[in-house]
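Chemist: Questions regarding the structure given below will be posed in turn.
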Amino acid sequence: MLYLLTDRAQEFLQGLGLSPLVRLLLQLEFRAFLALVLGITFVLAAGPRTISFLRRLKIGDNPEFHRADLNELMRQKKGTPTMGGILICGSVLLTTVLLADISSNRYVHLSLAVLLWLAAVGSFDDWLKLTAARRSQGARDGLRAWEKLLFQLGIGLIASWFLYKAAGTADGWALNLPFQRTHPPTAAQQFLQPLPLEPGVIVLSLPLFLAIGTLFIAYTSNAVNITDGMDGLAGGIIMISSLAVMLLCWVSGSQGAAYYLNVPYVAGTEELMIVSAAMAGATIGFLWFNCSPASVFMGDTGSLAMGGLLAFIAVAIRQEILLLMVAGLCYLEAVSVMFQVGWFKITKRATGQGRRLFRCAPIHHHFQLGGWTETQVVTRFWLISVMLAIMALGSLKVR
Numbered sequence: 066m067l068y069l070l071t072d073r074a075q076e077f078l079q080g081l082g083l084s085p086l087v088r089l090l091l092q093l094e095f096r097a098f099l100a101l102v103l104g105i106t107f108v109l110a111a112g113p114r115t116i117s118f119l120r121r122l123k124i125g126d127n128p129e130f131h132r133a134d135l136n137e138l139m140r141q142k143k144g145t146p147t148m149g150g151i152l153i154c155g156s157v158l159l160t161t162v163l164l165a166d167i168s169s170n171r172y173v174h175l176s177l178a179v180l181l182w183l184a185a186v187g188s189f190d191d192w193l194k195l196t197a198a199r200r201s202q203g204a205r206d207g208l209r210a211w212e213k214l215l216f217q218l219g220i221g222l223i224a225s226w227f228l229y230k231a232a233g234t235a236d237g238w239a240l241n242l243p244f245q246r247t248h249p250p251t252a253a254q255q256f257l258q259p260l261p262l263e264p265g266v267i268v269l270s271l272p273l274f275l276a277i278g279t280l281f282i283a284y285t286s287n288a289v290n291i292t293d294g295m296d297g298l299a300g301g302i303i304m305i306s307s308l309a310v311m312l313l314c315w316v317s318g319s320q321g322a323a324y325y326l327n328v329p330y331v332a333g334t335e336e337l338m339i340v341s342a343a344m345a346g347a348t349i350g351f352l353w354f355n356c357s358p359a360s361v362f363m364g365d366t367g368s369l370a371m372g373g374l375l376a377f378i379a380v381a382i383r384q385e386i387l388l389l390m391v392a393g394l395c396y397l398e399a400v401s402v403m404f405q406v407g408w409f410k411i412t413k414r415a416t417g418q419g420r421r422l423f424r425c426a427p428i429h430h431h432f433q434l435g436g437w438t439e440t441q442v443v444t445r446f447w448l449i450s451v452m453l454a455i456m457a458l459g460s461l462k463v464r
């Protein structure tokens, strides 16, 4: 809204001698910085009252695991308010509306749709889980897995369809592989005009684009949800990933930078830099309350929405594979659950007694039961995520 008002009132403001201010408020990089700051500020300002409100509603988490030793480790978390994701999602929504181009940029519109859809699904799931005991005996304890997946696949399919139509060029449909040049190496001297793709670049058909986009958005949403099992773990990884994706948005939406670094140029996606910065700011602010010992958990409200939104942005800028690297630990968490369940079923069918690959899945609990403290697990996962983000960004130059 601030961007929109400044854009519409340019001539009036310039007539008042405010040209430097107008240029500053319209500059993408400044708006991204402002989005980061406002994202933090909104969460810090609304956090205490929101947490008190959730406590009054008795919306507290009661984690239960199949292992008594893990239940003992997590006992102190009982009753901690959850659904704190409304702080993150609300901050991202408000910041984006204030600072992004909401009048005509289709990518911004789609990002807000993904955010609101998955936040609503997560909120409903949290509410069902946390109020089941109060409603009636035998009341539903959250959405069923297939119901949640159906909503995730649904928004993934819808968003991917509109992304394909919004791109309108081969760059926006390219399968961007690491270390593969998207454009001819002479791009640095010719980037004032559209460049053709290199012959070896795979351009996805509509069905393939829809399949990859839909599955990627749904899987990433679930992966972040699974990661959200320790104080600050998911929030920290989302923060790091959002900052990396913010830079990737700038590259993807800037013709000169995209051609120079030989990545797909998707016009309009530069505005997603504002959304990514808002996500980073909101999660930084949320970590103030979510660091150990946590005063509030993000719940499915935050984890489903942030995971899905990260994946949506990656699909829009054609950087799905780099997000697999940047947020690699989230995907590892999800894979560890799949392997644990699969191996247990296979060995039970073969020997009559199921065996496990890990002490407990997701894998962060494996390390916790191995003697790492919760703070050690979270800090080390953050450090690994920073290294993965640096490697992913560095790979842009190695083409």
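Numbering of the sequence shown is given in my numbering, commencing with residue 66 and proceeding in unit increments.
Quick reminder that beta carbons are idealized off the backbone N, C-alpha and C, glycines included.
Since the model is a prediction, treat every value here as computed from it, not as a measurement.
1) List the DSSP bridge partners of residue 240.
2) Can you tell me the Cα-Cα spacing of residue 159 and residue 371, whole angstroms?
3) Using a threshold of 8 Å, state whether the C-beta atoms of residue 344 and residue 374 are closer than that.
4) In the DSSP assignment, find the alpha helix (DSSP H) that holds residue 365 and state where it starts and stops.
5) Got a sec? Which residues, its chain only, sit under 7 Å from residue 300 by beta carbon, not counting five neighbours each side?
6) Where do the N-terminal and C-terminal ends of the alpha helix (DSSP H) with residue 463 fall, by residue?
7) Taking 6 Å as the limit between beta carbons, can you name the residues of its chain near residue 387, skipping five residues before and five after?
8) Please confirm if the region 177-197 is in contact with the region 381-399, defined as three or more CB-CB distances below 8 Å between the two stretches.
9) Closest to residue 530 by CA distance: which of 421, 398, 220 is it?
10) Hey, residue 380 and residue 281 are a contact pair by Cβ (cut 8 Å); roughly how many whole angstroms apart?
11) Confirm, please, whether the CB-CB distance from residue 395 to residue 288 is below 8 Å.
12) Contact check, residue 297 vs residue 451 under 8 Å by CB: the rounded distance?
13) Since residue 383 and residue 329 should fall inside the 8 Å C-beta cutoff, what is the C-beta to C-beta distance between them, to a whole number of angstroms?
14) Considering just the uninterrupted stretch of the alpha helix (DSSP H) at residue 225, what are its terminal residues?
15) Can you say whether residue 274 is buried or exposed, counting buried as having 16 or more other CB atoms within 10 angstroms of its CB?
16) Could you tell me the distance, in whole angstroms, from the CA atom of residue 208 to the CA atom of residue 214?
17) Could you tell me the alpha carbon to alpha carbon distance between residue 308 and residue 377, rounded to whole angstroms?
18) So what's residue 393 in DSSP terms, helix, strand or just coil?
19) Using the rule of at least 16 other Cβ atoms within 10 Å of the residue's Cβ for burial, across every protein chain shown, is residue 211 buried or exposed?
20) Quick check: the region 311-330 against the region 217-224, are at least 3 beta-carbon pairs closer than 8 Å?
21) Given residue 361, which residues of its chain have a CB within under 6 Å of its CB, disregarding the five upstream and five downstream residues?
22) Please classify residue 104 as buried or exposed, where buried requires at least 16 neighbouring CB atoms within 10 angstroms.
23) Answer with buried or exposed for residue 113, where buried requires no fewer than 16 other C-beta atoms within 10 angstroms of its C-beta.
24) Sorted by chain position, which residues of the same chain lie with C-beta nearer than 7 Å to residue 486's C-beta, five sequence neighbours on each side aside?
25) Report the CB separation of residue 238 from residue 232 in whole angstroms; it is logged as a contact under 8 Å.
26) On a Cα-Cα basis, can you pick out the residue from 430, 258, 392 that is closest to residue 310?
27) CB residue 335 to CB residue 93, shorter than 8 Å?
28) If you draw a straight line from the alpha carbon of residue 229 to that of residue 286, how long is it in whole angstroms?
29) Would you call the CB atoms of residue 439 and residue 357 closer than 8 Å?
Modeler: Reading from the atomic positions:
1) 267
2) 15 Å
3) yes
4) 364-381
5) 348, 351, 352, 355, 363
6) Premise fails: residue 463 is in no alpha helix (DSSP H) and is neither H nor E.
7) 457
8) no
9) Here the chain covers residues 66 to 464 and nothing more, so residue 530 does not appear.
10) 6 Å
11) yes
12) That pair is no contact at about 14 Å.
13) 4 Å
14) 210-232
15) buried
16) 10 Å
17) 15 Å
18) helix
19) exposed
20) no
21) 116, 146, 149, 354
22) buried
23) exposed
24) The question about residue 486 has no answer, for the chain in this structure spans 66 to 464.
25) 6 Å
26) 392
27) yes
28) 20 Å
29) yes
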